[in-house]
Amino acid sequence: MSSDTLTISDRIQQKLDDLTRAERQLAHSILENYPISGLGPLTELALDANVSGPTVARMVQKLGFKGYAEFQAELREELRAKVKGPIAKHDTWADSAPSGHILNTFTDAVIDNIRHTLGQIDPHAFDAACGLVGDPAHHLYIVGGRVTHTLAEYLFLHMQVIRPNITHVQSTSNAWPHYLLDVQAGDVFVIFDVRRYENNTLKLAEMAHAQGAKIILFTDQWRSPVHQLANISFSSRIVVPSAWDSAATTLLLTETMISAVQNLRWDSTKGRMEELEAMFDQTKLFRKFT
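Numbering (our numbering), first residue to last: 87 to 376.
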């Protein structure tokens, strides 16, 4: 993505690791209600983020703006761009619902999340992550939290078919240290951790990292503390008009990874799938319409 097409949100994501603690606090506050959060007075933004006015001024300059006024002008330009093309926007709506219906407002938010997330992902890093996940020479551990365990289970279920040598670890269980007993250098951990970040997940990642494991992290736009330990990290935008965050973009990345790893290992995966289907036929778990 070229610099002239970067949104302010994109710039913040790129600079997060270079910001001070107070500046990161401010950045997270801006992203929380982006872009509305940056349209008020500088003093109001500082108050909302619980930082000083000079902190706002410094971070705005780090983002490449001469001052807060230029920063706000760019935000307003982004808003104008978002409301252009009403015909194109209408095509994404549910035809039977008005434009302000939750079916459309929620879908618009998810589409926007996907667009911003994919714009931040390095395809080479994604390919490298898929290569690590698909390598049966190293044990694969998949970890989820209180909410993200559903994504972890989904990935685990498919990876069980695709490759051997795999373990599902639930960090919410008090038995998760048991799984670390057999971790070897080079083993791979896929960890899902979104806000509110879980202490168990961070501790698990720290211990796995200390044993030489490689970590692939799926997180949100504010990034889990596990980010500091991860070899490869994917940040998904998760904010939607709901009391709960959205898993749609993270699920998209997860399903894309499943597809990529399946293709990488198709010669062996095909045989595993055929063997599994034969077992299902014996168990008669599923109805067959033939």
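Every residue gets a Cβ at the ideal spot worked out from N, C-alpha and C, and that includes glycine.
Source: prediction; values computed, not measured.
In angstroms with no decimal places, state the Cα-to-Cα distance between G230 and K152.
Going by the C-alpha atoms only, they are around 42 Å apart.
From the DSSP output, which residues share a beta bridge with K300?
K300 pairs with V274.
Taking V219 as the reference, give the member of D306, I252, A143 and Q297 with the closest Cα.
Minimum Cα distance to V219 is reached at I252.
Have a look at D104 and P250 and give me their C-alpha separation to the nearest angstrom.
So the two alpha carbons sit approximately 40 Å from each other.
What would DSSP say about Q256, mapped onto helix, strand or coil?
If DSSP states are grouped into helix, strand and coil, Q256 belongs with the strands.
Apart from the five residues on each side of it in sequence, which residues of its chain come closer than 7 Å, Cβ to Cβ, to S115?
Taken in chain order, the residues that qualify are S123, D134 and A135.
Alpha helix (DSSP H) containing I200: first to last residue?
Segment I188 to Q206, the alpha helix (DSSP H) holding I200.
Measure the beta-carbon distance from T340 to L237 and round it to whole angstroms, keeping in mind my assumption that it falls under 8 Å.
Right, their Cβ atoms sit about 6 Å apart.
Measure the alpha-carbon distance for A113 versus E361 and round it to whole angstroms.
Going from the Cα of A113 to the Cα of E361 covers about 51 Å.
Taking just the CA atoms, how far does T141 sit from E160?
Taking the straight line joining both Cα atoms gives about 19 Å.
Which value, in whole angstroms, describes the spacing of the CA atoms of V233 and P327?
Taking the straight line joining both Cα atoms gives about 18 Å.
Looking at the secondary structure, which residues open and close the beta strand (DSSP E) in which V229 lies?
From DSSP, the beta strand (DSSP E) with V229 extends over L226 to G230.
Might you give, ordered along the chain, the residues of its own chain that have their beta carbon closer than 6 Å to the beta carbon of I302, omitting 5 neighbours on each side?
Closer than 6 Å at Cβ, skipping near neighbours: A215, V276 and I318.
What whole-angstrom Cβ distance do E228 and Q348 have, given they're in contact under 8 Å?
Correcting the residue identity first, residue 228 is Ile in this sequence and not Glu. Their Cβ separation, rounded to whole angstroms, is 16 Å, which puts I228 and Q348 out of contact at 8 Å.
How would you write the range of the beta strand (DSSP E) that I318 sits in, first residue to last?
Start and end: I318 to S322.
So which of K300, F304 and A155 has the shortest CA-CA distance to D221?
The shortest Cα separation from D221 among K300, F304 and A155 belongs to K300.
Residues in its own chain within less than 6 Å of L149 by CB, not counting five upstream and five downstream?
For L149, where only same-chain residues beyond five positions count, the Cβ hits under 6 Å are R97.
How far does the alpha helix (DSSP H) with I248 in it reach, from first residue to last?
From DSSP, the alpha helix (DSSP H) with I248 extends over H235 to I248.
Specify the secondary structure class of E360 as computed by DSSP and reduced to three states.
In this structure, E360 counts as helix in the three-state DSSP scheme.
Using the Cβ count rule (16 or more neighbours within 10 Å means buried), how would you classify Q158?
Buried, by the Cβ-count rule.
Have a look at T191 and D279 and give me their C-alpha separation to the nearest angstrom.
Using only the alpha carbons, I get a separation of about 26 Å.
Give me, in chain order, the residues of the same chain whose beta-carbon lies closer than 6 Å to that of H202; leave out the 5 immediate sequence neighbours on both sides.
Here the set comprises R323.
Tell me, which residues are paired with I306 by DSSP?
The residue asked about is misnamed: residue 306 is Asp in this sequence, not Ile. The partner list for D306 (beta bridge, DSSP) reads S322.
Could you give the DSSP three-state label for E284: helix, strand or coil?
In this structure, E284 counts as coil in the three-state DSSP scheme.
If you draw a straight line from the alpha carbon of H264 to that of L290, how long is it in whole angstroms?
H264 and L290: Cα-Cα distance of roughly 11 Å.
Would the beta-carbon of N286 fall within 8 Å of that of T258?
Yes. Within cutoff.
The alpha helix (DSSP H) spanning T141 covers which residue range?
Start and end: G139 to K148.
Are the beta-carbon atoms belonging to D273 and H224 less than 8 Å from one another?
Yes; because the gap between Cβ atoms is below 8 Å, this pair is in contact.
Drop a sphere of 10 angstroms on the beta-carbon of A294, count the other beta-carbons inside from all chains shown, and report buried for 16 or more, exposed for fewer.
It is buried - the Cβ of A294 has at least 16 other Cβ atoms within 10 Å.
Take M365 and list the residues in its own chain whose beta-carbon comes closer than 8 Å to its own, dropping the five residues that flank it on each side.
So no residue of the chain qualifies.
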